[in-house]
Amino acid sequence: MAIEFKMVPKQNNIASPPQTKYYPCAVSKGEVNLEYLAEIIAGRSTVTVADCYGVLIGMSQVIGEELAQGKIVKIDRLGTFALTLKGQGTDEPEKLNKNTILGAKILFKPARHFKKLLQNLKYKRLR
Numbered sequence: 006m007a008i009e010f011k012m013v014p015k016q017n018n019i020a021s022p023p024q025t026k027y028y029p030c031a032v033s034k035g036e037v038n039l040e041y042l043a044e045i046i047a048g049r050s051t052v053t054v055a056d057c058y059g060v061l062i063g064m065s066q067v068i069g070e071e072l073a074q075g076k077i078v079k080i081d082r083l084g085t086f087a088l089t090l091k092g093q094g095t096d097e098p099e100k101l102n103k104n105t106i107l108g109a110k111i112l113f114k115p116a117r118h119f120k121k122l123l124q125n126l127k128y129k130r131l132r
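Quick note: the sequence shown uses my numbering, first residue 6, plus one each step.
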């Protein structure tokens with residue numbers, strides 16, 4: 006099945022005169038939730054939907070706990086989760102402290118398995 010995309014105009018106001026270029030934007034076909042994933046996994050294995058659901062919930066909790074301890078979480082064939090920080094820059098290293106940290110984000114780096122999947126995608130433009 007092809008990935009559908011639409012064209013989105015974006016204006017570059019820095020250029021003189023301002024220029025509009027069109028870029029592809031993927032169109033979502035909906036979303037799936039944890040319960041749906043558990044049902045699919047259960048259908049492909051010998052465990053129940055409830056067991057799959059429990060494992061997936063537990064895994065998401067443990068990933069969060071390990072990230073909160075400053076660890077990188079690597080899950081083979083899925084990817085790696087890590088924390089990154091967003092903060093204010095300072096002129097001197099001595100001025101850098103916890104008050105200059107504005108927040109944290111979770112970075113996800115997909116496994117090679119997923120990167121290879123992207124190479125075989127087909128695309129279809131929507132009108």
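Virtual Cβ for every residue (Gly too), placed ideally from N, Cα, C.
Three-way DSSP call (helix, strand, coil) for residue i in this model
{"i": "Pro29", "result": "strand"}
{"i": "Ala87", "result": "strand"}
{"i": "Ala109", "result": "strand"}
{"i": "Arg132", "result": "coil"}
{"i": "Lys76", "result": "coil"}
{"i": "Gln24", "result": "strand"}
{"i": "Gly69", "result": "helix"}
{"i": "Val54", "result": "helix"}
{"i": "Glu97", "result": "coil"}
Residue i - containing alpha helix (DSSP H), residue span
{"i": "Gly48", "result": "Leu39 to Gly48"}
{"i": "Gly35", "result": "From DSSP, Gly35 is part of no alpha helix (DSSP H); its letter is neither H nor E."}
{"i": "Gln124", "result": "Arg117 to Gln124"}
Residue i Cβ short of 7 Å to the ligand ATP heavy atom set
{"i": "Ile45", "result": "In the structure on display, the ligand ATP does not appear, and there are no ligands present to speak of."}
Whole-Å CB distance - residue i paired with residue j, under 8 Å assumed
{"i": "Ala116", "j": "Gly84", "result": "5 Å"}
{"i": "Pro23", "j": "Gln16", "result": "6 Å"}
{"i": "Leu39", "j": "Tyr58", "result": "7 Å"}
Residue range of the beta strand (DSSP E) that includes residue i
{"i": "Met12", "result": "Ile8 to Asn17"}
For residue i: DSSP bridge partner residues
{"i": "Lys114", "result": "Thr85"}
{"i": "Gly63", "result": "Paired residues: none, contrary to the question."}
{"i": "Gly92", "result": "Ile106"}
Exercise for review: Taking 8 Å as the threshold, find out whether the stretch 29–44 comes into contact with the stretch 67–77 through three or more Cβ pairs.
Suggested key: no
Check your understanding: Quick one: any contact between the stretch 58–65 and the stretch 93–112, if contact means 3 or more CB pairs under 8 Å?
Key -> no
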